[in-house]
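These notes are about the structure you will find just below.
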Amino acid sequence: MSFDEVITQLQGLLGAQHVLHRPEDLMLYEYDASVDKGTPGAVVFPSTTEEVAALVRLAHRAEVSVVPRGAGTGLSGGSISRDRGIVIVFTRMNRILEVDVANRRAVVQPGVVNLDLSAAVARYGLYFAPDPSSQKACTIGGNVAENSGGPHTLAQGVTVNHVTGIEVVLGTGEIARFGGKCIDTCGYDVTGYFTGSEGTLGIVTEITVKLVRKAEAVATLLAIYNTVDEGANSVVEITAEGITPTALEMLDGLTLRTVEEATHAGYPMDSGAVLLVELEGLREEVEEQAALVRGVCMRNGAREVRRAKDETERALLWKGRKNAFAAIGRLAPSYYTQDGVVPRSKIPQTLRYIAEVSKKYGLTIANIFHAGDGNMHPAILFDLRDPDQLKRTVAAGADILAYCVSLGGSITGEHGVGMEKNALMPLLFNETDLDVMHRLHDAFNPGVLNPQKVFPTPRSCRETGSASLPPELRRRP
Amino acid sequence: MSTTPDMDVATTASQFTTKDRPTWDLYSRCIHCGLCLNQCPTYRVLGREADSPRGRIYQVLLVDEGRLKLADEVVTHIDRCLGCLACQTACPSGVQYGKILERARTEIETNYQRSWLTEKLRRYFYGSVLHRFDKLASVAKLVRFYQRSGMQTLARSSGLLKLMGTQELDALSPRIDDDFFFREIGNVYPAVGERRGRVAFLAGCVASVAFAELNRATIRVLTRNGVEVLVSQGQTCCGALHAHGGYLEKARELARKNIDAMMADGIDAIVTNAAGCGAMMKEYGELLEHDAEYQLKARRFAAQVRDVNEYLAEIGLRAPKKKIAGRVTYQDPCHLAHGQGVRSAPRELLKAAGLELVEMERADDCCGSAGTYNVTQNELSMKILDAKMENVAAVEPEIVATANVGCMLQLRAGLERKKMKARVMHVIEVLDEVY
Ligand SMILES: Cc1cc2nc3c(=O)[nH]c(=O)nc-3n(C[C@H](O)[C@H](O)[C@H](O)COP(=O)(O)OP(=O)(O)OC[C@H]3O[C@@H](n4cnc5c(N)ncnc54)[C@H](O)[C@@H]3O)c2cc1C
Ligand code: SF4
Ligand code: SF4
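If you're matching them up, the sequences are chains A and B in order. Under the working numbering, the residues of the first sequence are numbered 1 to 477, in order. Under the working numbering, the residues of the second sequence are numbered 1001 to 1435, in order.
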């Protein structure tokens, strides 16, 4: 089947207005929030599960790849088509189908925006717990695919802990349902297996999620340090003391200054690091733990520990943290964020290593991270206009991730592997491991869904954002 | 490197030619994180990248790279932008979307051929009507004749409007005043009681023919709060519609006129009751940054500009004489909230007047009015309005307050569409009732 024929059939399936195929429209789906690029051959906007299934079957027959896409806030190129395939966008499947207050569940379509769900159930005192920093834009379908976490992952867990059921369209075009509103399901935990599979096993078309009740009391503390080390040591000690914060986030000096400029969250401009600690629970328990945290921070050299007086102050402190990533865009024309994980106790030495990498490669690195989980987000700043910097950036990133793995950690905590880190998978898995995963993959997806992602491919060349080159440096055909 | 083959949409060089072109420094700030997407009303309704802030910026980049022609498609997506600047508020990376948009529109006006009729209308409107108060008055008189002579009633009842597809446009157009505000230009209104301030007041172009009463109310509220008001002679339209429409040079010309006319010695502020005018005048400094003669004056002018809400909240209201009761919800005008960051002042004033303020969801989402948008992009504007009205209805207000005339008209149309009963009022009108 020629690609033109595929387009005609897609138009027949969905209606012509829901199929994009002209170059000027396709170029707008060649990016996501990562540095990767690739233009699709078609972009489609289905409105029902049946339509999704029909178009996957069509793709299967035509041997064209299919890539699901939520809001395109992914940081590993997951929603980018590498081989001019069909991108499926879920902006028309964005309804909250059911809110079951008694059982604290919601059934949603994949295109529902994370924060929109929390807003919709706020009147019942409930919210959806996974809170990636991109939550005002990213979709729940994307969250499931990436098994996204956020600052509150420490206490609440990642997306997989909040999904109890899914409906999926497999790579064959079959529609299958796993799990439901109850937690206990018999048989294999397929729901869990799909969560985090980055759209390589199936397309999620409906999701049943848990809703969580807001805590009775919340304390949000901001500890201010002169050095990153003092902050990192506090993190190790807080958890060693048996305190269980719901969030434990750290920003280094460079990051916090940028964030402060962007959001006026109240982070002191002259400090070396800030630690954001949140405690939730019953009133007495929260007060007790807040006192303990304050003690630990002061002992480890904090200049000051502030506490949010009310919801407005709390929101402001969080606004700083949630906008941290994108605020780094103010520092340099481009940045490349890593997502390495290390055991909590190894955070101080990892930070020192990152500082060495920064010196070695001559690149500025800003650090923001989910300290409680040991999930590091060093952002390497570079200027795309300088090809040498780009090369050094990629090398520095790989260097940091290799170090994380050598400490018993991982190459990704929450941003996924996608097309960005698939070449690094052998750092974590040997051939047998990868082979087992491959066999699982093939059982659900014989091939058309999101190819050349997650698994290392022989030709995993990096495609980086040449689109942002300034006019004088562009290569003309 | 990117592997996209250059196709027939591509050209080899940038399509931008003017000195006001969007520059790499401006658009490369966008790291395509997507955090702005869900705040964009057109993306929320249409669900397409091309109609999102990120997509619009990317199209500008593609045109500048020579990968995309400055043709119908790009223009359509840029035309559909409300210019509400919600994306600018949402953007953590500090992208100056408003500037990129203005510059893209300037390029479009220079390098893209619109249909003959549209072109003529646009040139007439931007080129001579808005800022020539004499012409504006004659056009307004014509519309007034249509509205009062029975022709409107006839057109409405005969189904003619429906036939022409202009029914909604008709409902949205402001009722032209019987008594224009132009005669008051040049007047000085003394403060009542002890004088607490002295301001220059911008009458505005459309406001002067369609909202003259609001201007008078603004002056009453100010003077009754101890402020002397000068309606400076020689002032003109602020230039916002020109700048947003892609006529930056014209906007500069008007800015210079206003600077000359309004910067009287001894004033504390330059006050306006229109959010769009305030946002524009606060940008005069940047607008004239390359004008050796005016650059300094422009910056000083800009620093003195205050929205009337902002100014009143700053000096503090006198104790109101009367009370007004009821449930009010407040719609943030885009150019006040996103454009100027003024959010709390109008809310404080409403509470000070005695109203019970109930916040609706997404109060700072655009209502779809956006200057001339509800006329030029009527269908989309109505979809955006309907989404807004859902949130308004949910809090069951007796009064829907806002602080910009364009939003007032749109919200009135929204209430009518939803068959809801509530009063739409400018914050100033609320205050006018209690002083
Ligand atoms: C500023 C910023 C901050 C971020 N912070 C965090 C953070 O704190 N924690 C975190 O975990 N992530 C974070 N991210 C990454 C990203 O936002 C998350 O991975 C998010 O879950 C992606 O959602 P999306 O809707 O944008 O998905 P997309 O980017 O569109 O897609 C992501 C992946 O999901 C797949 N996919 C999408 N929809 C479906 C579906 N219905 N079925 C199957 N597969 C699907 C895609 O194929 C792709 O592989 C951040 C990103 C940015 C830009
Ligand atoms: S939030 Fe800012 S940086 Fe991110 S995509 Fe939107 S405009 Fe670009
Ligand atoms: S100005 Fe408003 S309509 Fe235009 S891109 Fe930004 S958010 Fe969307």
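The C-beta atom is built at its ideal place from N, Cα and C for all residues, glycine as well.
{"Query": "Bridge partner(s) assigned by DSSP for L1355 (chain B)", "Result": "None, per the DSSP bridge assignment."}
{"Query": "Limits of the alpha helix (DSSP H) - the one that Y1027 (chain B) falls within", "Result": "1024-1027"}
{"Query": "Secondary structure of D4 (chain A), DSSP reduced to three states", "Result": "helix"}
{"Query": "With 16 other Cβ atoms within 10 Å as the buried cut-off, status of S1115 (chain B)", "Result": "exposed"}
{"Query": "Backbone CA spacing between E24 (chain A) and R283 (chain A) [nearest angstrom]", "Result": "56 Å"}
{"Query": "Contact set between Y31 (chain A) and chain B, taken where Cβ atoms lie within less than 8 Å", "Result": "H1032, Y1058"}
{"Query": "Limits of the beta strand (DSSP E) - the one that K346 (chain A) falls within", "Result": "K346 (chain A) -> no beta strand (DSSP E), and no H or E assigned at all."}
{"Query": "Check: L55 (chain A) C-beta below 7 Å from any heavy atom of ligand 1", "Result": "no"}
{"Query": "Contact under 8 Å by Cβ, Y127 (chain A) with L248 (chain A)", "Result": "no"}
{"Query": "Below-8 Å beta-carbon distance, A1363 (chain B) vs any chain A residue", "Result": "no"}
{"Query": "Residue-level contact to chain A via CB, P1092 (chain B), 8 Å cutoff", "Result": "yes"}
{"Query": "Inter-residue Cα distance where the pair is L1161 (chain B) and N1378 (chain B)", "Result": "Residue placement at L1161 (chain B) is poorly supported in this model, since its pLDDT is 49, which falls under 50; the coordinates still yield a value, given next. Answer to the nearest angstrom: the Cα atoms are 14 Å apart."}
{"Query": "CA-to-CA distance, V64 (chain A) to S133 (chain A), given in whole angstroms", "Result": "33 Å"}
{"Query": "Contact test: C1036 (chain B) Cβ vs ligand 1 heavy atom, cutoff 7 Å", "Result": "no"}
{"Query": "CB contact check: S1028 (chain B) to chain A, cutoff 8 Å", "Result": "yes"}
{"Query": "Short CB-CB distance (under 8 Å) between R1080 (chain B) and chain A", "Result": "no"}
{"Query": "F178 (chain A) vs G199 (chain A) beta-carbon contact at 8 Å", "Result": "no"}
{"Query": "DSSP-derived helix/strand/coil call for A379 (chain A)", "Result": "strand"}
{"Query": "Reduced DSSP category for A273 (chain A) - H, G, I as helix; E, B as strand; rest coil", "Result": "strand"}
{"Query": "Span of the alpha helix (DSSP H), counted from its first residue to its last, around T1218 (chain B)", "Result": "1212-1224"}
{"Query": "Buried or exposed by the 16-neighbour rule on C-beta atoms within 10 Å, applied to R439 (chain A)", "Result": "exposed"}
{"Query": "Cutoff 8 Å: A1050 (chain B) Cβ touching any chain A Cβ", "Result": "yes"}
{"Query": "Interface positions of the stretch 90-104 of chain A facing chain B (Cβ-Cβ less than 8 Å), listed along the chain", "Result": "T91, R92, N94"}
{"Query": "For G192 (chain A), the first and last residue of its enclosing alpha helix (DSSP H)", "Result": "190-194"}
{"Query": "Bounding residues of the alpha helix (DSSP H) (the contiguous stretch that carries H1338 (chain B))", "Result": "1334-1340"}
{"Query": "Cα-Cα separation, V44 (chain A) to T208 (chain A)", "Result": "24 Å"}
{"Query": "Whole-angstrom distance between N422 (chain A) and E51 (chain A), CA atom to CA atom", "Result": "30 Å"}
{"Query": "Any chain A beta carbon closer than 8 Å to V1214 (chain B)", "Result": "Just to set this straight, residue 1214 (chain B) is Leu in the shown sequence, not Val. No, L1214 (chain B) lies away from the interface with chain A (no Cβ there is under 8 Å from its Cβ)."}
{"Query": "3-residue-minimum beta strand (DSSP E) runs that sit fully inside the stretch 102-152 of chain A, ordered along the chain", "Result": "105-108"}
{"Query": "For K360 (chain A), the three-state DSSP class (helix, strand or coil)", "Result": "helix"}
{"Query": "Under 9 Å (Cβ pairs) to chain A, residues found in the stretch 1059-1075 of chain B", "Result": "Q1059, L1061, L1062, D1064, E1065, G1066, R1067, L1068, K1069, A1071, E1073, V1074"}
{"Query": "Meets three-Cβ-pair contact criterion under 8 Å: the stretch 1082-1090 of chain B and the stretch 1333-1350 of chain B", "Result": "yes"}
{"Query": "Which listed residue (A:I96, A:V107, A:L13) has its alpha carbon closest to that of V56 (chain A)", "Result": "A:L13"}
{"Query": "Listed by chain order, chain B residues near A137 (chain A) by CB distance under 9 Å", "Result": "C1033, G1034, L1035, C1036, L1037, N1038, Q1039, A1090"}
{"Query": "Check whether P456 (chain A) and G372 (chain A) have beta carbons under 8 Å apart", "Result": "no"}
{"Query": "Minimum C-alpha distance to L1349 (chain B) - residue among B:E1390, B:K1282, B:V1395, B:V1434", "Result": "B:V1434"}
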